[in-house]
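**Student:**
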Amino acid sequence: MTLPTPEVTPLNEAYWAGLAAGELRFQHCPHCGHRWLPARRECPACLREGAAWEKAAGTGQVISWVVYHTAYHDAFRDRLPYNVAIVELDEGPRLITNILAPHESIAAGMRVRLELQSDFGVNLPRFAPVGAA
Amino acid sequence: MMRGKFVIAGVGHTAFGTLPGRSTVSLNVEACRRALEDAGIEKRAVDGVFVKTPTSAREILYGQTLSEALGLQPRIGIALDQGGAANMSGIAFACLAIEAGMCEVALVCYADNPRSGSRATYARPRGDDAAFGWFSTAAGYAMIHRRHVAEHGTPEAAFGAVAVAARRHGAANPNAQLRKPLTLDGYLAAAPLVAPLRRDDCALISDGAAALVVMSARRARELGVKAAVPILGMGQAHTSWEVTQRPCLTSTRAKDAARDAFAMAGLGPADIQVAQIYDCFTITVLMTLEDYGFCPPGQAEGFVREGRIVHGGDLPLNTAGGLLSETGMPGLQLVIEAVRQVRGTATLQVPGVRHALVSNQGGTMHTHATLILGG
Chain A
1 MTLPTPEVTP
11 LNEAYWAGLA
21 AGELRFQHCP
31 HCGHRWLPAR
41 RECPACLREG
51 AAWEKAAGTG
61 QVISWVVYHT
71 AYHDAFRDRL
81 PYNVAIVELD
91 EGPRLITNIL
101 APHESIAAGM
111 RVRLELQSDF
121 GVNLPRFAPV
131 GAA
Chain B
1001 MMRGKFVIAG
1011 VGHTAFGTLP
1021 GRSTVSLNVE
1031 ACRRALEDAG
1041 IEKRAVDGVF
1051 VKTPTSAREI
1061 LYGQTLSEAL
1071 GLQPRIGIAL
1081 DQGGAANMSG
1091 IAFACLAIEA
1101 GMCEVALVCY
1111 ADNPRSGSRA
1121 TYARPRGDDA
1131 AFGWFSTAAG
1141 YAMIHRRHVA
1151 EHGTPEAAFG
1161 AVAVAARRHG
1171 AANPNAQLRK
1181 PLTLDGYLAA
1191 APLVAPLRRD
1201 DCALISDGAA
1211 ALVVMSARRA
1221 RELGVKAAVP
1231 ILGMGQAHTS
1241 WEVTQRPCLT
1251 STRAKDAARD
1261 AFAMAGLGPA
1271 DIQVAQIYDC
1281 FTITVLMTLE
1291 DYGFCPPGQA
1301 EGFVREGRIV
1311 HGGDLPLNTA
1321 GGLLSETGMP
1331 GLQLVIEAVR
1341 QVRGTATLQV
1351 PGVRHALVSN
1361 QGGTMHTHAT
1371 LILGG
């Protein structure tokens, strides 16, 4: 069974195209400077349009994480137990991801860096501990 | 001045648990019939219907579908969507409508049948992030639970104490869906579901319905209502960020909902004798105690482990079993238990209840509503 793949729309096309090209992008507002993910048409701070895409440095920290011991989708049944985490990029935006490390070693505030992984044909932004081989 | 101006005149509910073959409309009608009987008033007095949309199966124009089944043509008929805070928001909106002269007597109700129907909403993929395996309602609360542990060192036994207390109270409630008591060892021994959540951190999945009759204190006197319970304070506030985007995971605008309710009532946490705290997951109870000011941030673990929250303690919580034991329905049953505590008719009655507090919340701690009842 295939993964539940993201729905590419005109709004988030640049995000997925960036990942396919090997970079993680976030949006920033040219009017007020606010930065965010996921893709929106209007800036949630000043409500204006015209957001631009910017390449993330790819470093950040773990805010929180969970470990699934039950699968809510057949595609994840043979991956149990697997983790899902919230990572805050150094530029500010937060995203859902997976941490490429033993579950017991994950900690809040842990420094991580981007590691793109192809999963069923889609490049997903995952993160590994900084300093890990 | 809203304090004491409105009352809960009657309460009613169906059986809780597995009720196959019943639509949510049918369950709502039964609960409303019982609430009207409890208030001792005729259906024709009702001119407001405030219903929370069923969580498991949303329907367009649900407020009108239900009003039709109730044989009512109300002045105000509306379905509210705020997740688990919608029931208590419905009480507040009913009071505001009555204050404005737009209706006089309101039914506030909720029904759902996810146990015999579909549980899909609780296991749902969370947008495009499903590609990372991000599924389910429980996982959002697990993120918050984990962050609370990371920031405050909250021990497993604190979460366990909340579950054990709820199950102890539910065991005494003949209407509770899950009456099997739980020990702390039993809590700790259960396998993780979405770690750090264990099975007994999680609300039940339940069929059932509950309803209230709301009116002014004056109308209740005119109609001869016998056991009207005054509403002293109400508040709402919302943390509208999705969990992934929320700058702070360990405190919510429940703090502001409580502040407003306490201010309206002219009371503080020390004035509350019994509390019904929305316990869809155990972390919610710990954070609500902190945000409501029953204890400082990060110190709920000591509060719940000192035995204060069990019947006989100084702040018994969820005295009918809460969402962890009585029924997993989102919140109206907690208001009904608070009404019973103020009336003095609860199964696990707390002696000398002058003020009972209820907290409701919904989404993943997005929406918050607070209610204070008392004489």
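Protein sequences, first through last, are from chains A and B.
Number 133 marks the last residue of the first sequence (the numbering used here); no jumps.
Number 1375 marks the last residue of the second sequence (the numbering used here); no jumps.
Quick reminder that beta carbons are idealized off the backbone N, C-alpha and C, glycines included.
Just so we're clear, the structure is a prediction, and the values are computed from it rather than from any experiment.
1) In chain B, what lies closer than 8 Å to Asn98(A) by C-beta?
2) Could you tell me the distance, in whole angstroms, from the CA atom of Tyr1278(B) to the CA atom of His1368(B)?
3) Report back the beta-carbon spacing between Ala1211(B) and Cys1109(B) to the nearest angstrom; my notes put them in contact at under 8 Å.
4) Buried or exposed: where does Tyr15(A) fall if 16 or more other Cβ atoms within 10 Å of its Cβ makes it buried?
5) Beta carbon of Val1046(B), beta carbon of Leu1066(B): below 8 Å?
6) Please decide whether Asp1112(B) counts as near chain A, where near means a Cβ-Cβ distance under 8 Å.
7) Please list the partners that Trp53(A) has in chain B, where partner means a Cβ-to-Cβ separation under 7 Å.
8) Assuming Ile1091(B) is part of the alpha helix (DSSP H), what are its boundary residues?
9) Exposed or buried, Gly1077(B), counting other C-beta atoms within 10 Å across all chains shown (16 or more means buried)?
10) Are the C-beta atoms of Arg1147(B) and some chain A residue less than 8 Å apart?
11) Tell me, please, whether the CB atom of Ala108(A) is closer than 8 Å to any CB atom in chain B?
12) Are at least three pairs of beta-carbons, each pair with one atom in the stretch 1031-1045 of chain B and one in the stretch 1232-1252 of chain B, less than 8 Å apart?
13) Run through chain B and tell me which residues come within less than 8 Å of Glu7(A), C-beta to C-beta.
14) Give a yes or no on whether 8 Å exceeds the smallest Cβ distance from Val130(A) to chain B.
15) Hey, would you say Ala1261(B) sits closer than 8 Å to Gly1235(B), going by beta carbons?
16) Can you name, in chain order, every residue of its own chain whose Cβ lies under 8 Å from the Cβ of Cys1095(B), other than the five neighbours on each side?
17) Alpha carbon to alpha carbon, how far is Cys32(A) from Arg48(A)?
18) Please confirm whether Ala1094(B) has its beta-carbon closer than 8 Å to some beta-carbon of chain A.
19) Comparing the C-beta of Arg148(A) with each C-beta of chain B, is any distance below 8 Å?
20) If the cut-off is 8 Å on Cβ atoms, which residues from the stretch 1242-1263 of chain B count as contacting chain A, listed in chain order?
21) How would you write the range of the beta strand (DSSP E) that Ser118(A) sits in, first residue to last?
22) Since Val84(A) and Ile96(A) are thought to touch, with beta carbons under 8 Å apart, how far apart are those beta carbons, to the nearest angstrom?
23) Under 8 Å between C-beta atoms, does Pro4(A) make it to chain B?
24) Mind listing, in chain order, the continuous alpha helix (DSSP H) runs of no fewer than 4 residues lying wholly within the stretch 1211-1257 of chain B?
25) Run through chain A and tell me which residues come within less than 9 Å of Pro1125(B), C-beta to C-beta.
26) Take the Cβ of Phe1159(B) as the centre, count every other Cβ of all protein chains shown within 10 Å, and call the residue buried at 16 or more, exposed below.
27) Give the single residue among Leu37(A), Ala128(A) and Ala75(A) whose Cα lies nearest to the Cα of Pro102(A).
28) If you reduce the DSSP assignment to three classes, tell me which class Pro1054(B) lands in.
29) Compare the C-alpha of Leu1371(B) against each of Thr1364(B), Val1229(B), Leu1348(B) and Pro1074(B) and name the closest.
30) Quick one: what's Leu1357(B) bridged to in DSSP?
31) CA-CA distance, Ala1131(B) and Gln27(A)?
32) Does Met1102(B) pass the burial test, meaning 16 or more other C-beta atoms within 10 Å, or should it be called exposed?
33) Using DSSP's beta-bridge definition, name the partner residues of Leu89(A).
34) Chain B beta carbons: is any one of them nearer than 8 Å to that of Leu19(A)?
35) With Leu1349(B) and Gln1341(B) assumed to form a contact (beta carbons below 8 Å), what rounded beta-carbon distance in angstroms separates them?
36) Cutting at 7 Å between CB atoms, please list the residues of its own chain near Val1164(B), excluding the five before and the five after it.
**Tutor:** Taking the definition as stated:
1) Counting from 1 along the first sequence, the entry for residue 98(A) is found at position 98. For a Cβ distance threshold of 8 Å, residue set Phe1132 and Gly1133 of chain B lies close to Asn98(A), ordered along the chain.
2) For the purposes of this step, residue 1278(B) is identified with residue 278 of the second sequence, where counting begins at 1. For the purposes of this step, residue 1368(B) is identified with residue 368 of the second sequence, where counting begins at 1. If you take the alpha carbons of Tyr1278(B) and His1368(B), they lie about 10 Å apart.
3) Taking the first residue of the second sequence as 1, we reach residue 1211(B) at position 211. Taking the first residue of the second sequence as 1, we reach residue 1109(B) at position 109. With 8 Å as the limit, Ala1211(B) and Cys1109(B) qualify as a contact, their Cβ atoms being about 4 Å apart.
4) If you number the first sequence from 1, residue 15(A) lands on position 15. Buried, since its Cβ has 16 or more Cβ neighbours within 10 Å.
5) On the second sequence, residue 1046(B) is found 46 positions in, with the first residue counted as 1. On the second sequence, residue 1066(B) is found 66 positions in, with the first residue counted as 1. No.
6) Looking up residue 1112(B) in the second sequence gives position 112. By this cut-off, Asp1112(B) is not an interface position.
7) Taking the first sequence and counting its residues from 1, one reaches residue 53(A) at position 53. Simply none; closest approach about 16 Å.
8) Within the second sequence, residue 1091(B) is the residue found at index 91, counting from 1. Ile1091(B) -> alpha helix (DSSP H) spans Ala1086 to Glu1099.
9) Here residue 1077(B) corresponds to residue number 77 of the second sequence, with the count starting at 1. Gly1077(B) comes out buried.
10) In the second sequence, counting from the first residue as 1, residue 1147(B) sits at position 147. Answer yes: the Cβ-Cβ gap between Arg1147(B) and chain A drops below 8 Å somewhere.
11) Here the question's residue 108(A) lines up with position 108 in the first sequence. For Ala108(A), the answer is yes, since a Cβ of chain B falls inside 8 Å of its Cβ.
12) no
13) The count along the first sequence starts at 1 and reaches residue 7(A) at position 7. Here the neighbours are Asp1128.
14) What you label residue 130(A) is simply residue 130 of the first sequence in a count that begins at 1. Not an interface residue.
15) Residue mapping note: residue 1261(B) aligns to position 261 of the second sequence, counting from 1. Residue mapping note: residue 1235(B) aligns to position 235 of the second sequence, counting from 1. Yes, these two residues count as a Cβ contact at 8 Å.
16) Here residue 1095(B) refers to the residue found at position 95 of the second sequence. Excluding sequence neighbours, Cys1095(B) sits near Met1002, Lys1005, Phe1006, Val1214, Ile1231 and Met1234.
17) As a first step, residue 32(A) is located in the first sequence; it is residue number 32 there, counting from the start. As a first step, residue 48(A) is located in the first sequence; it is residue number 48 there, counting from the start. Approximately 9 Å, taken between the alpha carbons.
18) What you label residue 1094(B) is simply residue 94 of the second sequence in a count that begins at 1. So, not an interface residue.
19) Here chain A has residues from 1 to 133 only, and residue 148(A) is not among them.
20) Val1243, Thr1244, Gln1245 and Leu1249
21) On the first sequence, position 118 is the one that residue 118(A) refers to. Counting along the chain, the beta strand (DSSP E) containing Ser118(A) begins and ends at Arg111 to Asp119.
22) Within the first sequence, the letter at position 84 stands for residue 84(A). Within the first sequence, the letter at position 96 stands for residue 96(A). The Cβ separation is near 6 Å, so the contact holds.
23) On the first sequence, position 4 is the one that residue 4(A) refers to. Yes, its Cβ sits closer than 8 Å to a Cβ of chain B.
24) 1217-1223
25) Locating residue 1125(B) in the second sequence gives position 125, where the first residue counts as 1. The contact set of Pro1125(B) on chain A, defined by CB atoms closer than 9 Å, consists of Pro4, Tyr72 and His73 in chain order.
26) Against the second sequence, residue 1159(B) aligns to sequence position 159. By the neighbour-count rule (16 or more Cβ atoms within 10 Å), Phe1159(B) is buried.
27) Here residue 102(A) is taken as the residue at index 102 of the first sequence, counted from 1. Shortest Cα-Cα distance from Pro102(A) to any of Leu37(A), Ala128(A) and Ala75(A) involves Ala128(A).
28) Translated into the one-based positions of the second sequence, residue 1054(B) becomes position 54. Residue state, collapsed to three classes: coil.
29) Locating residue 1371(B) in the second sequence gives position 371, counting from the first residue. Looking at the Cα atoms, Val1229(B) is the closest of the given residues.
30) The residue labelled residue 1357(B) in the question sits at position 357 within the second sequence. Beta-bridge annotation (DSSP): Leu1357(B) is paired with Ala1275(B) and Ile1372(B).
31) Here residue 1131(B) refers to the residue found at position 131 when the second sequence is read from its first residue. Here residue 27(A) refers to the residue found at position 27 when the first sequence is read from its first residue. Roughly 21 Å separates the two Cα atoms.
32) Here residue 1102(B) refers to the residue found at position 102 of the second sequence. The residue is exposed, with fewer than 16 neighbouring Cβ atoms inside 10 Å.
33) To locate residue 89(A), count along the first sequence from 1; it is residue 89. Note: Leu89(A) sits in a beta bridge opposite Gly60(A).
34) One-based indexing of the first sequence puts residue 19(A) at position 19. So, not an interface residue.
35) The sequence position of residue 1349(B) within the second sequence is 349, counting from 1. The sequence position of residue 1341(B) within the second sequence is 341, counting from 1. This sequence places Gln at residue 1349(B); Leu is not what is there. Their Cβ separation, rounded to whole angstroms, is 7 Å, which keeps Gln1349(B) and Gln1341(B) in contact under 8 Å.
36) As a first step, residue 1164(B) must be located in the second sequence, where it is residue number 164. Once the five neighbours on either side are set aside, the close Cβ partners of Val1164(B) are Leu1182, Thr1183, Leu1184 and Tyr1187.
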